[in-house]
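There are 2 protein chains.
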Amino acid sequence: MDFKTVAAKRRAVNFFDEQKEVSDTLLREMVEIAAKTPSSFNLQPWNLMVLKDADAKGRLRKLAWDQPKVTEAPVVLIVLADKSGWKEGHATVEKNWKEMIAAGSMTAEQREWFLNAAKSLYGWSDDASLAFAAKNTGFFAMSLMYAATSLGLSTHPMDGFDHEGVRKEFNIPDNYWVPLLLAVGYLKPGVEVNPPKWRKSYDELVVSF
Amino acid sequence: MDFKTVAAKRRAVNFFDEQKEVSDTLLREMVEIAAKTPSSFNLQPWNLMVLKDADAKGRLRKLAWDQPKVTEAPVVLIVLADKSGWKEGHATVEKNWKEMIAAGSMTAEQREWFLNAAKSLYGWSDDASLAFAAKNTGFFAMSLMYAATSLGLSTHPMDGFDHEGVRKEFNIPDNYWVPLLLAVGYLKPGVEVNPPKWRKSYDELVVSF
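Going down the list, the sequences are from chains A and B. This note's numbering puts the first residue of the first sequence at 1, with every later residue one more than the last. This note's numbering puts the first residue of the second sequence at 210, with every later residue one more than the last.
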């Protein structure tokens, strides 16, 4: 399926087949395709919580406007954006650093430059840290949706939830913002997806000041 | 090219062919494929500034760590995330509303519900408005990169710039955050792209608390 087709075929699905599981193998394949997503300095400031069991999805549904798809989809991902994912000492920052040294794309002498660059770009304000996390995690979530589509899966990105309530209920640490929930599964048989919604044209997208 | 191939082929390119323009037709096609990107309530809180002329790219380069690719790439997009893109009266919010009414996906009686839902999700704090803008624009920017790859173009998403300086120099209104610049063009002949960088595995991505 070429990308233009994937982009057109990806639709936010409201009704999932409750009888059809997403296998661990397929979920892993979907996530691993999306893991190739680019990020600021390769910092990959994102994580996932994978909810499959009825109890966890039920607790989430109560905090997500009681949307039936939260429990009907076989898998719901809580997508996490790590606001601290640029800081010295952070596990991913340090692993990324080691991997860059090993690959020869950075030298040990560049460590101060690297850490200061990230700090100057993402640590100059709380806004900058949040935007860094949300933007990059947006990249990743978009890739997850395309990867799912290309594998025959359907998704629905959800914003309709109590942000602070979800953080509390699922013990999500303070360094994370929760930019979305992502329902993953198969379209319910017999359901037709709505026609595509309006989108801005090129001329509506491009601005000058 | 299937999506898995597009995801693997998309690489941040450092050296662009200065002799090879991106035609208006191709740029438009790339943007229009990406325009199918999903967004919160279909609000599409993103815009683009398209920089092609040497003077504009030169002014941007000065504010972007003097990175040569800013002037070498034939097109540089300033990607804009609209923090106010959920508010009543906003042109896109109102157009989206009219289109939903016309399509029958909303009824006139649901207007208050719709506006209040968006306000409760994106207006409860400045953080929520920024995260809404940055997350959704992250979706769009990721789609732009995949669309470009699928059309034979190369890109480079850039964070290395003076955020406030760019806003001032290009008269970008206060309602926008600038999550990234995106260089678009063709890989310089004779240049080899670096091997792919390390990425988190599934087991590193998935967390529980």
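Where is the CB? At the ideal position from N, CA and C, for every residue including glycine.
Chain-ordered chain A contacts of residue i [CB-CB under 9 Å]
i, result
"G347 of chain B", "A134, K135, N136, T137, G138, F139, F140, A141, M142 and P179"
"L460 of chain B", "In the structure as shown, chain B starts at 210 and stops at 418, and residue 460 of chain B therefore has no counterpart that could be examined."
Where residue i meets chain B, residues with beta-carbon distance less than 9 Å
i, result
"A103 of chain A", "N403, P404, K406 and W407"
"R111 of chain A", "By Cβ distance, chain B contributes nothing, its closest Cβ being about 17 Å from R111 of chain A, past 9 Å."
"Y146 of chain A", "F212, V215, A216, M351, S352 and Y355"
"L187 of chain A", "Correct list: empty, because the minimum Cβ distance to chain B is about 16 Å."
Listed by chain order, chain A residues near residue i by CB distance under 8 Å
i, result
"E241 of chain B", "S201 and Y202"
"E308 of chain B", "K197 and W198"
"K245 of chain B", "A7, A8, R10, P196 and R199"
Partner residues on chain B for residue i, Cβ-Cβ distance less than 8 Å
i, result
"M1 of chain A", "D211 and F212"
"R61 of chain A", "Per Cβ cutoff of 8 Å: no residues; R61 of chain A is ~17 Å from chain B at best."
Per-residue contacts from residue i into chain B (C-beta, under 7 Å)
i, result
"S208 of chain A", "M258"
"L182 of chain A", "Going along chain B, no residue has its Cβ under 7 Å from L182 of chain A, so there is no contact; the nearest lies around 11 Å."
Own chain partners of residue i with C-beta closer than 7 Å, once the 5 adjacent residues on each side are dropped
i, result
"K266 of chain B", "L260, V279, T280 and V285"
"D226 of chain B", "G394, Y395, L396, K397 and P398"
"M239 of chain B", "L353, A356, A357, L360 and L362"
"E378 of chain B", "R268 and L272"
Residue i: contacting residues in chain A (beta-carbon distance under 7 Å)
i, result
"D336 of chain B", "L130"
"L414 of chain B", "V31, A35, N47 and L48"
Same chain only: Cβ atoms within 8 Å of residue i, ignoring 5 sequence neighbours per side
i, result
"A12 of chain A", "T155, H156 and P157"
"M354 of chain B", "R219, T364, P366 and L391"
"A273 of chain B", "V279, M367, G369, F370, D371, V375 and L390"
"R320 of chain B", "W306"
"A317 of chain B", "I310"
Residues near residue i by beta carbon distance below 6 Å, same chain, minus five either side
i, result
"W306 of chain B", "none"
"M49 of chain A", "I78"
"P45 of chain A", "D82, G85, A133 and N136"
"V6 of chain A", "Y146, T149 and S150"
"T246 of chain B", "F348, F349 and S352"
**Request:** For the segment 39-56 of chain A, enumerate the residues whose C-beta is nearer than 8 Å to any C-beta of chain B, in chain order.
**Result:** S40, F41, N42, Q44, W46, N47, L48, M49 and V50
**Cβ-based contacts, 8 Å cut-off: residues of the segment 149-173 of chain A near chain B** = T149, S150, P157, D159, G160, H163, F170, N171, I172 and P173
**Message:** Threshold first: 4 residues or longer. Then list the alpha helix (DSSP H) segments lying entirely within the segment 41-123 of chain A, N to C.
**Reply:** 54-62, 68-72, 91-103 and 111-122
**Message:** Residues of the segment 283-305 of chain B in Cβ contact with chain A at a cutoff of 8 Å, in chain order, please.
**Reply:** L289, A290, T301, K304 and N305
**Item:** Contact between the segment 222-241 of chain B and the segment 332-343 of chain B (3+ Cβ pairs under 8 Å)
**Value:** no
**Message:** Under 8 Å: do the segment 302-318 of chain B and the segment 186-201 of chain A share three or more Cβ pairs, one atom per stretch?
**Reply:** yes
**Asked** Any contact of the segment 78-88 of chain A with the segment 104-124 of chain A, i.e. 3+ C-beta pairs under 8 Å?
**Response** yes
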